[in-house]
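In terms of the working numbering, the sequence shown opens at residue 390 and continues consecutively. Working notes for the structure below.
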Amino acid sequence: MTDGTDGPAARTTANRPRTGRWLAGGAVVVVATLLGLTLALRSGAAPACAAPIPPPAALLAPPAAGTLHKGKATFYDSTGTDGNCSYPTAPAGRLYVALGPDEYADGAACGGYLDVTGPKGTVRVMVADQCPECAPGHLDLSREAFTRIADPVRGVVDVSYRLVVDPPLTGPLTFRIKEGGSQWWFAVLVAGHGNPLRAVEVRQGSSGNWRAASRQSYNYWLIDSGAGPGPFQIRVTDTRGHRVTAAGIRMTPGQVQRSTVRMYGGTSGGSTTAPASTTARRTPSSSPKPTARTSARPSPSPSTLAPVDASASPAVIAAPDGEAVALASTRPDAGPRGCA
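Structure, rendered in structure tokens:
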């Protein structure tokens with residue numbers, strides 16, 4: 390990736406902040422829940438606040454490898470460094486895409502690449518942001534990417550897209566400890582991995598037990614109780630089964646630490662030496678536990694873009710390897726529930 394620079398001014402539309410969402414389950418679950426509440430009321434018992442029912446895993450996942458999806462594409466103006474994936478620099482050529490909540494999958498799609506084909510050709514883009522209002526199959530591309538596949542005057546075009554498996558890497562893995570990090574609170578951003586990531590594990594020094602970090606929706610991997618003062622070994626596993634370990638990662642919040650290990654293609658795993666270089670330190674946050682990042686990505690402008698049918702699912706075409714899996718239809722978004 391290369392450093393992002395200021396681009397064209399963003400459209401003057403109201404930003405749409407990310408909000409918490411309660412996602413309903415199937416109709417059977419809803420009926421069962423209502424029946425349980427009815428019986429409780431008839432028996433005189435006060436109903437308890439039930440925990441939100443999580444959506445089926447198939448409804449919340451990045452685009453599947455080996456599957457050709459069909460949908461629509463719009464575009465937006467951004468520096469490429471203000472997306473929900475938290476990357477401090479823009480992808481090369483500012484070729485990136487924002488996915489809707491289903492395909493963004495709480496950050497699971499971050500850092501992966503899509504080949505997107507439109508009327509003028511195909512462009513490869515990195516997933517760097519979330520588009521809160523986009524239904525499955527709606528890609529919100531950077532302006533630079535959109536112009537590779539269509540005339541920007543059109544605003545919205547039909548496209549097909551596929552997740553790229555083992556795309557060429559731009560370099561070794563990089564790591565960035567989040568501002569506010571300390572031996573008692575650990576959060577790291579991993580970049581340069583090519584395929585989406587499956588797991589990140591951390592251990593203090595070169596011995597001891599590995600501790601699993603949990604991915605946050607803003608693409609940092611968190612150990613809420615901390616991982617020690619460092620330096621650390623960080624073991625990274627992607628969705629294709631590649632696994633490598635980087636050593637010598639230091640507790641230097643706000644710095645991008647460049648390792649000497651590639652996710653695949655140039656190494657076979659194992660530990661690396663200490664990071665070769667770091668960027669300048671950024672100002673630490675006053676809060677050791679930052680909340681999820683809100684993207685500054687403007688919503689697609691209704692004055693310039695044709696509407697996209699939010700109720701439709703994209704068509705799916707089986708690839709030669711037979712891995713095609715149809716995407717589910719859009720989930721209804723509902724507000725958080727509580728007891729009266």
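Note that CB positions come from ideal geometry on N, CA and C, so glycine has one too.
1) Under a three-way DSSP split, which group does Glu590 fall into?
2) Alpha carbons only, please: which of Tyr465, Gly472, Asp504, Ala479 is nearest the one belonging to Ala453?
3) Can you list, in chain order, the residues of its chain with a C-beta nearer than 7 angstroms to that of Pro642? Leave out the 5 residues immediately preceding and following it.
4) Taking just the CA atoms, how far does Gly472 sit from Thr463?
5) Can you check which of these residues, Val548, Gly619, Gly501, is closest to Tyr476 by C-alpha distance?
6) Near Arg639, which residues of its chain fall below 6 angstroms by C-beta distance, leaving aside the five closest residues on each side in sequence?
7) What is the C-beta distance between Ala481 and Cys520, in whole angstroms, given that I count them as a contact (C-beta under 8 angstroms)?
8) If I measure Cβ to Cβ from Glu492 and keep anything under 7 angstroms in the same chain, skipping five residues before and after, which residues do I get?
9) Based on DSSP bridge pairs, tell me the residues matched to Asp518.
10) Name the residue from Asn598, Asn584, Arg647 whose alpha carbon lies nearest to the alpha carbon of Arg632.
11) How many angstroms separate the CA atom of Gly655 from the CA atom of Arg587?
12) As a quick exercise: from Tyr609, Thr649, Arg604, pick the residue whose alpha carbon is nearest that of Leu562.
13) Quick check: what's the CA-CA separation for Arg647 versus Tyr653?
14) Do you know whose CA, among Leu558, Pro508, Ala635, Ala601, lies nearest Val542's CA?
Looking at the atomic coordinates:
1) strand
2) Asp504
3) Ile566, Lys567, Glu568, Gly569, Gly570, Pro673
4) 16 angstroms
5) Gly501
6) Gly619, Pro620
7) With 8 angstroms as the limit, Ala481 and Cys520 do not qualify as a contact, their Cβ atoms being about 21 angstroms apart.
8) Pro451, Pro452, Ala498, Pro525
9) Ala487
10) Asn584
11) 20 angstroms
12) Thr649
13) 16 angstroms
14) With distances taken between CA atoms, Val542 lies nearest to Pro508 out of Leu558, Pro508, Ala635, Ala601.
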